Amino acid sequence: MTGDPAVDAYLAKQPDQQRAALEHLRAQVGSLVPDAVESISYAIPAFKLRGHGIVWMAGWKAHCSIYPLTDAFLADHASELEGSGQGKGTLRFSPDAPLPDPLLEALIRARLSDIEADERQALGR
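With the working numbering, letter number 104 in the sequence shown gets 135, and the count goes up by one each step, no holes.
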């Protein structure tokens with residue numbers, strides 16, 4: 032994965048617990064999508080593949096967030112997401128209760144599938 036010094040700077044400003052949770056997300060994305068490129072987009076860390084956003088993540092005072100989550104993903108993983116904070120396209124979690132690795136992997140795979148479908152549609156396939 033191609034790192035970005037601006038992402039390093041963003042993470043360095045986070046409280047210890049949020050930074051640790053976000054660093055874990057960063058490592059997982061890098062492991063699952065080694066060709067991902069990091070950047071800052073919408074003032075938060077983003078991971079892109081071939082110019083398409085995979086996920087964004089943010090640290091807030093009392094929680095961390097990951098974006099975007101489609102309605103289909105939320106429905107498919109409702110039982111796993113029960114009790115987590117959710118907003119439109121957003122999943123909030125506390126550093127004390129981070130996203131389980133299998134759930135993050137499922138999210139990344141769903142996003143990659145969305146990107147591939149968008150690319151096929153753009154090519155008229």
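Just so it is clear, CB atoms sit at the ideal spot from N, CA and C, and this is done for glycine as well. Small disclaimer: the values here were computed from a predicted structure and weren't measured.
Under a 10 Å Cβ-count criterion, Ala58 is classified as exposed, with fewer than 16 other Cβ atoms of the shown protein chains found around its own Cβ. Comparing alpha carbon positions, the residue from Leu134, Leu80, Leu63, Gly90 closest to Ala74 is Gly90. Collapsing the DSSP output to three states places Gln117 in a strand. For the options Pro133, Phe104, Pro131, Leu134, the alpha carbon positioned closest to that of Asp145 is the one of Phe104. For Gly84, the secondary structure class from DSSP, reduced to helix, strand or coil, is strand. Remark: fewer than three beta-carbon pairs, one from each stretch, lie closer than 8 Å, so the segment 126 to 136 and the segment 75 to 83 are not flagged as touching. The DSSP-derived three-state label of Ala128 is coil. Going by C-alpha positions, Phe124 is about 6 Å away from His94.
Sequence-distant partners of Glu111 (beyond 5 residues in either direction) whose C-beta falls short of 6 Å from its own C-beta, in its chain, are Leu134. Counting along the chain, Tyr98 sits inside the beta strand (DSSP E) bounded by residues 95 to 98. Taking a C-beta distance under 8 Å as the contact criterion, Val38 and Ile71 qualify as a contact pair.
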